[in-house]
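Protein chains: 2
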Amino acid sequence: MSRVKLKDIAERAGVSVMTVSRVMNNDPKVRTKTRAKIAAIAQELNYSPNVAARSLSSSKSFFIGIVCEFANANYVSQFLVGALTKCRTNGFHIVIDETAGETEKALSIVSDFILITKVDGLILLPPLADIPEVLSLLKESHTPFVRIAPDIDLSASPYICMDDYQAAFDITEHLVRTGHKRIAHIIGNENQGVSRLRYQGYLDALRSHRLLMPPEYIEQGEFTYKSGLVAAEKLLSLEVLPDAVFASNDEMAAAVISVALKNNLDVPKQISVVGFDDTELARVVWPRITTIQQPIRDMAGLAISLLTDPLMSFQDSTPMAKRHVLPYQLFIRESSKQNAD
Amino acid sequence: MSRVKLKDIAERAGVSVMTVSRVMNNDPKVRTKTRAKIAAIAQELNYSPNVAARSLSSSKSFFIGIVCEFANANYVSQFLVGALTKCRTNGFHIVIDETAGETEKALSIVSDFILITKVDGLILLPPLADIPEVLSLLKESHTPFVRIAPDIDLSASPYICMDDYQAAFDITEHLVRTGHKRIAHIIGNENQGVSRLRYQGYLDALRSHRLLMPPEYIEQGEFTYKSGLVAAEKLLSLEVLPDAVFASNDEMAAAVISVALKNNLDVPKQISVVGFDDTELARVVWPRITTIQQPIRDMAGLAISLLTDPLMSFQDSTPMAKRHVLPYQLFIRESSKQNAD
DNA sequence: CTGAAAGCGCTTACAG
DNA sequence: CTGAAAGCGCTTACAG
Chain A
2 MSRVKLKDIA ERAGVSVMTV SRVMNNDPKV RTKTRAKIAA IAQELNYSPN VAARSLSSSK
62 SFFIGIVCEF ANANYVSQFL VGALTKCRTN GFHIVIDETA GETEKALSIV SDFILITKVD
122 GLILLPPLAD IPEVLSLLKE SHTPFVRIAP DIDLSASPYI CMDDYQAAFD ITEHLVRTGH
182 KRIAHIIGNE NQGVSRLRYQ GYLDALRSHR LLMPPEYIEQ GEFTYKSGLV AAEKLLSLEV
242 LPDAVFASND EMAAAVISVA LKNNLDVPKQ ISVVGFDDTE LARVVWPRIT TIQQPIRDMA
302 GLAISLLTDP LMSFQDSTPM AKRHVLPYQL FIRESSKQNA D
Chain B
2 MSRVKLKDIA ERAGVSVMTV SRVMNNDPKV RTKTRAKIAA IAQELNYSPN VAARSLSSSK
62 SFFIGIVCEF ANANYVSQFL VGALTKCRTN GFHIVIDETA GETEKALSIV SDFILITKVD
122 GLILLPPLAD IPEVLSLLKE SHTPFVRIAP DIDLSASPYI CMDDYQAAFD ITEHLVRTGH
182 KRIAHIIGNE NQGVSRLRYQ GYLDALRSHR LLMPPEYIEQ GEFTYKSGLV AAEKLLSLEV
242 LPDAVFASND EMAAAVISVA LKNNLDVPKQ ISVVGFDDTE LARVVWPRIT TIQQPIRDMA
302 GLAISLLTDP LMSFQDSTPM AKRHVLPYQL FIRESSKQNA D
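Protein chains in written order, with our numbering: chain A, 2 to 342; chain B, 2 to 342.
Written out as structure tokens, the structure is:
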């Protein structure tokens, strides 16, 4: 019982191998009826192309490049797992490279990917999804690419994101429903769109419950543990302490917990702390952090599909199909009160 | 300027493509002189095989499987990056799967890798490097595999590790040299070999400086943040406080820092805290943690080489060549005093 | 819109 | 120890 190949489908359909190949590659020059018949047989036989053969004859690389800021960041490692899982079924390789904090390196990495490694597609992870020069280069070279959670020039490429606004709304509402009255917020990095969206979700959730917080309950952070410490020190030395803090990511939430402990506050009895992202940190610290799980692995799988699945037909994606919003999940853990009391 | 292929080398050497192929695949049935000549030309021309062609004709998979406990663990993500980087130059794919904490799943994952995915080689990450059933299965099926930091049956396969004993010795000695007199230790998970080695390194470093710690300065942990909290609570409520704590990993060190802060102790002025591993956590918390960097990326690169590089000749590795010890690095950061005072 | 031919770069299996 | 032939499963380029 050897693997199904083009020839098998061709014989079944009574056409040439060439015609089957055209269907598999979405070549428009096939009669609709023929196409449908072949597609059906391919599906029935559970055909998947032999990548080695395809690569050998087409001189396509079957590489997908992933460009990130730090390859060992938690976000990235989860993304990688999702991408690898998906690639396992479609035969593509992942090539990864990182700017290691030097944003200006992004341009050279991307051009290297295009010229030397000759990737068939590229994925830009935040914050590298928002570098105009990189976007220009990719457009000029006609390299298919997908961005994750981009903030600028949304029509430049297909992109995948989650509804940060609604998630922030939900987690804030969860705090309200569990009896919190004084909910502070630490905003994320100023120049990232998600920070704005999460802040807005927080504000709107409060408003919809007719709650108004004093301005000193809002602190500006930078998505780092350290910035979380600074913000938490301010929030926890206010005259009227908040009874909950919603930090815009888990790192800052972890920092809030550590300052609360230092100030002899019981988490969550005296103060609840919630984060965002569900990174490893959220499960590693104690108490474990109530947070929003981003669908990172699914985002990765979809990104790979968009770039590699011929049925997704990257080329003629209409503006409508460019935006892909994936569902998130609220994870309730020990860092927040479970019931109103 | 197209890529060098077997034919080019064959013409240069005045032999057939077949003979060159044999040399590239380490087939012993080639005259030594011919072999040397061909190898030299291949090197000069910077030949690297076309994986697609090779895979197509040989029906080898060119997949390397990595089995880990949690694919998104920091250790694993760093390992992945190293493995991917290496694979980029040799054309292998990485297939990853995780037991997600169910150790008994390891056996089915490994057999799936062997039977269905048909990997050409396998890498076992700790703690999965020490499951006797898995080792038996791999030996029976003659699947080449490499283990990372194994603890049992060291002759079963080539393995890669670092000198945990010496690293623990060094970081303890660093604490002594920077003026610490009362150095506590939190031991790692009881059933992992590295915990023993690190503990022993700590003890011997103290002894070599003629220091003796009271028994209550030694706590048993489990490599988790939570176990670090428990241990730290005990250590920091002793009558005579330690002036330094060496935790057997970064997670527990982070926990010590947080308890110290809670107890209004200044880190590092009143108490220094050092960890082990240099995971992301060590750089994310504040103060950042002085720790030992494991050469994880290099371990990954070497593991891939051992499995894929024909020159490494996996098959006839002598017992001597089975053990590969890679160098580590001591990273001094803000969680420990820099000078004796 | 469809097909016959040639070839991608390697390896397997067979001769010698 | 070495080589000539055939083929892996697909695609490119050319015909019709």
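Glycine residues also receive a C-beta, built at the ideal position from the N, C-alpha and C atoms.
DSSP, reduced to helix, strand and coil, places D164 (chain B) outside both helices and strands of the structure shown, so it counts as coil. In this structure, T280 (chain B) and F332 (chain B) do not form a Cβ contact; the two beta carbons are roughly 12 Å apart against a cut-off of 8 Å.
The DSSP-derived three-state label of L126 (chain A) is coil. Put simply, the CB of A101 (chain B) is far from chain A, with every gap to its CB atoms at 9 Å or more. Taking 8 Å as the upper bound on Cβ-Cβ separation, chain A lies near residues T225, Y226, K227 and L230 of the region 218–233 of chain B. When secondary structure is reduced to three states using DSSP, A245 (chain A) falls in the strand class. Under the DSSP assignment, E141 (chain B) falls outside any beta strand (DSSP E), being part of the alpha helix (DSSP H) whose first and last residues are P133 to S142. DSSP places A185 (chain A) in the strand class (E or B) of the three-state scheme. Residue environment for V111 (chain A): buried (at least 16 other C-beta atoms within 10 angstroms of its C-beta). Contact of N73 (chain A) with chain B by beta-carbon distance below 8 Å involves N75, S78, Q79, V82 and E281. By the neighbour-count definition (other C-beta atoms within 10 Å, threshold 16), D152 (chain A) is a buried residue. Using beta-carbon distances, R13 (chain B) does not count as an interface residue toward chain A, since no partner is under 9 Å. Listed as beta-bridge partners of L327 (chain A) by DSSP are A:M163. Below the 7 Å Cβ cutoff, chain B contributes H94 as neighbours of H94 (chain A), in chain order. Annotation: the continuous beta strand (DSSP E) that includes I149 (chain B) extends over F146 to I149. Residue environment: D251 (chain B) is assigned as buried (16 or more neighbouring CB atoms within 10 Å of its CB, all protein chains considered).
The continuous alpha helix (DSSP H) containing I39 (chain A) extends over residues T33 to E45. Between the alpha carbons of I258 (chain B) and V177 (chain B) lies a distance of about 19 Å.
Using a CB distance cut-off of 9 Å, R183 (chain A) does not count as an interface residue toward chain B. Spanning the alpha carbons of S209 (chain A) and G180 (chain A) requires a straight line of approximately 15 Å. Contact annotation: the region 87–97 of chain A touches the region 78–97 of chain B, with at least three C-beta pairs closer than 8 Å. Look at the beta carbons and you see the region 66–74 of chain A touching the region 122–140 of chain A: at least three pairs across the two are nearer than 8 Å.
Counting along the chain, the unbroken alpha helix (DSSP H) around Q79 (chain B) starts and ends at N75 to N91. Not flagged as an interface residue toward chain B: F170 (chain A), since no C-beta distance is shorter than 9 Å. Judged by beta-carbon spacing, S228 (chain A) lies beyond the 9 Å limit of V246 (chain A), meaning their Cβ atoms are not closer than that value.
Here M163 (chain A) is buried. Its C-beta has 16 or more other C-beta atoms within 10 Å. Counting only Cβ-Cβ distances below 9 Å, K119 (chain A) has no contacts in chain B at all, with the closest Cβ about 11 Å away. For D205 (chain A), the CB contacts under 7 Å within the same chain, skipping 5 residues up- and downstream, are F170 in chain order. Counting only Cβ-Cβ distances below 7 Å, S259 (chain A) has contacts in chain B at S259 and L262, in chain order. Pairing Q193 (chain B) with F146 (chain B) gives a Cβ-Cβ distance that is not under 9 Å. If the five residues before and after L282 (chain B) are omitted, its C-beta is found closer than 6 Å to the C-beta atoms of D251 and A255, all from its own chain and listed in chain order. When rounded, the separation of the alpha-carbon atoms in M300 (chain B) and S109 (chain A) is 27 Å. In this chain, the alpha helix (DSSP H) harbouring T20 (chain B) covers V18 to M25. As DSSP reads the structure, F64 (chain A) sits in a beta bridge with A:H94. Ranked by Cα distance from K182 (chain B), the options B:V135, B:K338, B:R13 and B:P288 are led by B:K338.
Distance between S22 (chain B) and V31 (chain B), taken at the CA atoms: about 10 Å.
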